[in-house]
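Per UniProt numbering, numbering of the sequence shown is gapless, rising by one per residue and ending at 121.
These notes are about the structure you will find just below.
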Amino acid sequence: MRELKKQLRNTLLSICPNVYAFEKAPADGPVPYLTYDLAQGTNIEDQIVWIVDVDIWDKNINEINVDDLVKKLKKLNRFNFINDKIQFSMHLDRIINTKSESLDWKRKTVVFNIRYYDREV
Numbered sequence: 001m002r003e004l005k006k007q008l009r010n011t012l013l014s015i016c017p018n019v020y021a022f023e024k025a026p027a028d029g030p031v032p033y034l035t036y037d038l039a040q041g042t043n044i045e046d047q048i049v050w051i052v053d054v055d056i057w058d059k060n061i062n063e064i065n066v067d068d069l070v071k072k073l074k075k076l077n078r079f080n081f082i083n084d085k086i087q088f089s090m091h092l093d094r095i096i097n098t099k100s101e102s103l104d105w106k107r108k109t110v111v112f113n114i115r116y117y118d119r120e121v
């Protein structure tokens, strides 16, 4: 799972330079930023289906906004990764207009299913 987290983070960094795991973004960090969380879904023989929620956070203070990042994330639908340790494919599940506790923040959640195979069995 460590390799999956590493490669998922690298993939998300190609979309946005500010990526944090499990909603651990610094309070005074740069915006916009992405947070992500992995939850195990189902096991089907050698395949594990992971559910990843990618939250986009923005204050609309620059030219990149939530909707721009949603468009970029949608392009990850059917993205495939393979190396000598793992392989996975990402499949867009849904986009949620998530309410933020603060009116200053804009937020959307993009949910993917990740079909994962461990190649080091």
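Glycine included, each C-beta is placed from N, C-alpha and C at the ideal position.
If you ignore the 5 residues before and after V66, its C-beta comes within less than 6 Å of the C-beta of I56, D58, K106 and K108, all in its own chain and listed in chain order.
Beyond the five residues adjoining it in sequence on each side, I51 comes within less than 8 Å, by CB distance, of L38, A39, Q40, G41, D93, V111, F112, N113 and I114 in the same chain, given in chain order. Look at D67 here: in three-state DSSP terms it is helix. Residue environment for P32: buried (at least 16 other C-beta atoms within 10 angstroms of its C-beta). Between I15 and K74, the gap from beta carbon to beta carbon reaches 8 Å or more. L8 counts as buried, since no fewer than 16 other beta carbons sit within 10 angstroms of its beta carbon.
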